[in-house]
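Trainee: For what it's worth, full-length UniProt numbering labels the leading residue of the sequence shown as 1, then goes sequentially.
In this text, a Cβ means the ideal position worked out from N, Cα and C, and glycines have one as well.
Keep in mind it's a predicted model, so treat the numbers as computed, not measured.
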Amino acid sequence: MDNQSNIETLLNQQVQRLEALQSLLNDELEALKKRDLDQITAIAEKKSELLVALQGADNELAPLLSSAQDPSHDEARQQIEAMLNTCKQLNEINGQALQLSMAGLARLQNMLANVKNEASGMTYDQSGKARPGGKLGQGIKV
């Protein structure tokens, strides 16, 4: 295969990989919304594989493109750069969604811990009013 057709094949493969990555990033956002840990894990593995393939092809393409200096590849390169920027934006959105989800879980965990602490230290007096800090059974002598 000559350099020209090799370059075109590699560029087309990069476009296909980036389309697959965009699809995975969209699926990942949905999985994050649903908090589907199994799907998030599977998507992370697929993303990692795609990123390795993208990097490998990029390393193979770089010397070919620099030596070819063919303007016919400019359109494909611009398309790839635009797709890559879209993937970066989607990944940023997913990262923010993940951070928000984690912050929400941390707040829920703190609320539950506070409720547990208040409940364990809450007693009621003779009139039925709640009193914090009391211990049930304290002061009873048998």
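Can you give me the start and stop residues for the alpha helix (DSSP H) that Lys34 sits inside?
Mentor: Asn3 to Lys34
Trainee: Flag this pair as yes or no: are the beta carbons of Leu25 and Asn94 separated by less than 8 Å?
Mentor: yes
Trainee: How big is the Cα-Cα spacing for Gln69 and Gln55?
Mentor: 21 Å
Trainee: Below 8 Å on the Cβ atoms is my contact criterion, and I expect His73 with Leu65 to pass it. Report the Cβ-Cβ distance as a whole number of Å.
Mentor: 6 Å
Trainee: Pull up the CB-CB distance for Gln22 and Leu98, whole angstroms please, since I reckon it's below 8 Å.
Mentor: That pair is no contact at about 18 Å.
Trainee: Which of helix, strand or coil does DSSP assign to Lys88?
Mentor: helix
Trainee: Please determine, among Pro63, Arg77 and Lys34, the residue with the shortest C-alpha to C-alpha distance to Asn3.
Mentor: Pro63
Trainee: Which same chain residues end up closer than 7 Å to Thr86 when comparing Cβ atoms and leaving out the 5 residues on each side of it in sequence?
Mentor: Gln22
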